[in-house]
Amino acid sequence: MTISFHPDIATLMAFSAGTLEEAYTVVVATHLAMCEACREQVKRIDLIGGAFLTSEPEADMASGALDRLLAAAADDDIATRAPESHADVPGPIAHHLPDGLDGVRWRWSGPGVAVADLPSSRAGKGRLMLLRVEAGRRVPEHSHGGQELTLILQGAYRDRFGRFGAGDIADHDEDVEHQPIAEPGEDCICLVAVDAKLSFRSRLVRTLQPLFGL
Ligand SMILES: [Zn+2]
């Protein structure tokens, strides 16, 4: 797996500090499960953060976000009920998807597009969902009412920023307008954290948006 697009350093620092919204935390953790370079980066950030905890000399400097996450996963009784994770599902979302990506109960969300919400364990502002775009399908041009963090799990898409394949992160804020096209061959499935509704340029699409559940 060649990963070209990663979370920016500010996002990794917020992840390390535990200040990211839960939906974004899950997306970043899932990327980390697929990306050794970012795992190493977060370890470095954790160490630097630990070094600043001079008022707490007893603090375990190695006990960073990754370790907390792994500890939390070990404590998660849902996770222990689903010990067999599917090869196509990275660890941090495995307990949401005990039957793998083939077992997702998709909701139609427009021609060639389907979504599935993933429940959050705590109240948070963000929303976590899976988005599936049929191979070769173009997603209507849209901008974002807030921050959107997307991790490609399967397949690939292209937009004016490049080609995004499995493991890549697309980080779009409200100023970005783009029109992704899924590559032919395999449906493109993404894990998406959003903190606001997407806004579509076409009035027809905007009118239909509530029906699509977007
Ligand atoms: Zn990375």
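Numbering-wise, our numbering comes out as the position in the sequence shown, counting from 1, plus 238. Each residue gets a CB set at the ideal place from its N, CA and C atoms; glycine is no exception.
- As for any beta strand (DSSP E) of minimum length 3 sitting wholly inside the segment 377-406, the runs are 380-382, 386-392, 395-397, 400-402, ordered along the chain.
- Taking each of A255, L368, R282 in turn and checking the Cα distance to V327, the smallest one comes out for L368.
- The beta carbon of A252 sits no closer than 6 angstroms to any heavy atom of ligand 1.
- Closest in C-alpha terms to R345, from the list R375, S242, L356, L389, comes L356.
- With a cutoff of 7 angstroms on beta-carbon distance, R376 and I419 are scored as near each other.
- Among the bridge pairs identified by DSSP, D284 is matched with none.
- At a threshold of 6 angstroms, A275 counts as near ligand 1, since its beta carbon sits closer than that to one of the ligand's heavy atoms.
- According to DSSP, L429 shares a beta bridge with L368, L389.
- Per DSSP, the continuous beta strand (DSSP E) segment holding V351 begins and ends at 351-355.
- Its chain contains P330, I331, L356, L366, L429, A431 as the residues whose beta carbon lies nearer than 8 angstroms to that of V264, once the 5 sequence neighbours on both sides are disregarded; these appear in chain order.
- Secondary structure of H244 (DSSP, three-state): coil.
- Relative to ligand 1, H410 has its C-beta separated by 6 angstroms or more from all heavy atoms.
- Taking a cut-off of 8 angstroms for Cβ pairs, the segment 247-255 and the segment 275-288 touch, as three or more such pairs fall below it.
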